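Residue numbers (our numbering): 4 to 271.
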């Protein structure tokens, strides 16, 4: 059996359908590298059904889905098809933007605060932005009174990139989406950008690759780096956002950077 067949089975879970095959395959191969005997089992299997009878494979399969849920699924829109229906509808553009932002947990949480958020983070009039691990957040620039000339974004879902490009085109903002794994970035990420956004991304980076945030930020080229942290855990049971502040202060000091401004919203 080929790895690609395992990838397609993993992606049958609704929230994972729109992740790029390439990203899922790289993750599967990386994790199988820690379990070479399991790779042999997969290669010798005649079907997914047979594989799922193997307890070790089933555990591995569930772990990969759990990782993808934490990296992507929990933040991603639950129904991409519904978003495309919204885009194809005749409702006003502002309503399209609001309806789309309601489709994702993080953007829904920010919906009533976007104007305040953009007023706070734009210390200079924005000309160029890149949003790393963006999801559909770039769509929210519609709600800012300050519109950049160019807005770029990085995600692991081709559909998400197309949705962002569609909306930004409607408001005459130059845009381009990069399908990219943050852990294996391409050169486009290291160009100069006036503003770089990292919304709720650092905790996930540090969970799966401790120390990588410092390496990544040290290689980025920007005037302003905007980072945010969730105030609660994914389960909603623990308050954790403020716990990241001392960690961030140390990182800023170690990298020779300077904090220009801090503020909180209800959830971030």
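Each residue gets a CB set at the ideal place from its N, CA and C atoms; glycine is no exception.
Everything numeric in this text was worked out from a predicted model, so none of it was measured.
Indicate the three-state DSSP secondary structure (helix, strand or coil) for residue 201 in the structure shown.
What you label residue 201 is simply residue 198 of the chain shown in a count that begins at 1. Residue 201: strand per DSSP, three-state reduction.
Run the CB neighbour count on residue 206, radius 10 Å, all protein chains shown included, and call it buried at 16 or more, exposed below.
Start at 1 with the first residue of the chain shown, and residue 206 comes out as number 203. Per the 10 Å Cβ criterion, buried.
Does the segment 116-125 touch the segment 74-89, meaning 3 or more C-beta pairs lie closer than 8 Å?
no
Let me know if residue 94 comes out buried or exposed under the rule of 16 or more other beta-carbons within 10 Å of its beta-carbon.
Position 91 of the chain shown holds residue 94. Classification for residue 94: exposed.
Could you please give me the residues that DSSP links to residue 228 through a beta bridge?
Within the chain shown, residue 228 is the residue found at index 225, counting from 1. Looking at the DSSP assignment, residue 228 forms a beta bridge with 199.
Can you pull the DSSP bridge partners for residue 179?
Numbered from its first residue, the chain shown carries residue 179 at position 176. For residue 179, which the question treats as bridged, DSSP gives the partners 155.
Here's the rule I'm using: 16 or more other beta-carbon atoms within 10 Å means buried, otherwise exposed. How should residue 272 be labelled?
No statement about residue 272 is possible, as the shown extent of the chain runs from 4 to 271 and does not include it.
Check for me: the alpha helix (DSSP H) holding residue 172 runs from which residue to which?
For the purposes of this step, residue 172 is taken as residue 169 along the chain shown, with counting starting at 1. The continuous alpha helix (DSSP H) containing residue 172 extends over residues 161-173.
Have a look at the DSSP bridge pairing and note the partners of residue 133.
As a working mapping, residue 133 is identified with position 130 in the chain shown. Its beta-bridge partners are 155 and 199.
So, are the CB atoms of residue 197 and residue 265 less than 7 Å apart?
Against the chain shown, residue 197 aligns to sequence position 194. Against the chain shown, residue 265 aligns to sequence position 262. No.
Have a look at 214, 42, 208 and 189 and flag the residue whose alpha-carbon is nearest the alpha-carbon of residue 64.
Translated into positions along the chain shown, residue 64 becomes position 61. Checking every option, the nearest Cα to that of residue 64 belongs to 42.
First and last residue of the alpha helix (DSSP H) that includes residue 40?
Working through the chain shown from its first residue, we reach residue 40 at position 37. From DSSP, the alpha helix (DSSP H) with residue 40 extends over 39-47.
For residue 90 and residue 171, the rounded distance between their alpha carbons
Mapped onto the chain shown, residue 171 falls at position 168. Mapped onto the chain shown, residue 90 falls at position 87. Looking at the two C-alpha atoms, the distance is approximately 12 Å.
Taking all protein chains shown into account, decide if residue 113 is buried (16 or more other Cβ within 10 angstroms of its Cβ) or exposed.
Position 110 of the chain shown, counted from the start, is the residue given in the question as residue 113. With 16 or more other Cβ atoms within 10 Å, it is buried.
What residue does the alpha helix (DSSP H) around residue 70 start on, and which one ends it?
Here residue 70 is taken as the residue at index 67 of the chain shown, counted from 1. Looking at the DSSP string, the run of the alpha helix (DSSP H) that includes residue 70 is 58-71.
Assigned secondary structure, residue 263 (DSSP; H/G/I helix, E/B strand, else coil):
Here residue 263 refers to the residue found at position 260 when the chain shown is read from its first residue. Three-state result, residue 263: coil.
With residue 22 and residue 71 assumed to form a contact (beta carbons below 8 Å), what rounded beta-carbon distance in angstroms separates them?
If you number the chain shown from 1, residue 22 lands on position 19. If you number the chain shown from 1, residue 71 lands on position 68. Contact flag correct, Cβ pair sits at about 6 Å.
In whole angstroms, what is the alpha-carbon distance linking residue 16 and residue 251?
Against the chain shown, residue 16 aligns to sequence position 13. Against the chain shown, residue 251 aligns to sequence position 248. Approximately 35 Å, taken between the alpha carbons.
Quick one: what's got a C-beta closer than 6 Å to residue 229's C-beta in the same chain, skipping five residues either side?
On the chain shown, residue 229 is found 226 positions in, with the first residue counted as 1. Taken in chain order, the residues that qualify are 124 and 200.
Cβ-based burial, residue 212 [other Cβ within 10 Å; buried from 16]
Your numbering for residue 212 matches position 209 in the chain shown. Classification of residue 212: exposed, given that the 10 Å Cβ count is below 16.
If you follow the alpha helix (DSSP H) that residue 26 is in, where does it begin and where does it stop?
Counting from 1 along the chain shown, the entry for residue 26 is found at position 23. Where residue 26 is concerned, the enclosing alpha helix (DSSP H) stretches over 24-35.
Rounded Cβ spacing between residue 258 and residue 217 (contact assumed at less than 8 Å)
Your numbering for residue 258 matches position 255 in the chain shown. Your numbering for residue 217 matches position 214 in the chain shown. Indeed, because the Cβ distance is near 7 Å, the residues count as touching under 8 Å.
Nearest to residue 180 by alpha carbon, out of 222, 136 and 103?
Numbered from its first residue, the chain shown carries residue 180 at position 177. The shortest Cα separation from residue 180 among 222, 136 and 103 belongs to 136.
For residue 32 and residue 68, what's the separation of their Cα atoms in angstroms?
Counted from its first residue, the chain shown places residue 32 at position 29. Counted from its first residue, the chain shown places residue 68 at position 65. If I take the Cα positions, the gap works out to 14 Å.
Residue burial classification, residue 148 (beta-carbon count within 10 angstroms, cutoff 16):
As a working note, residue 148 is residue 145 in the chain shown. Exposed, since its Cβ has fewer than 16 Cβ neighbours within 10 Å.
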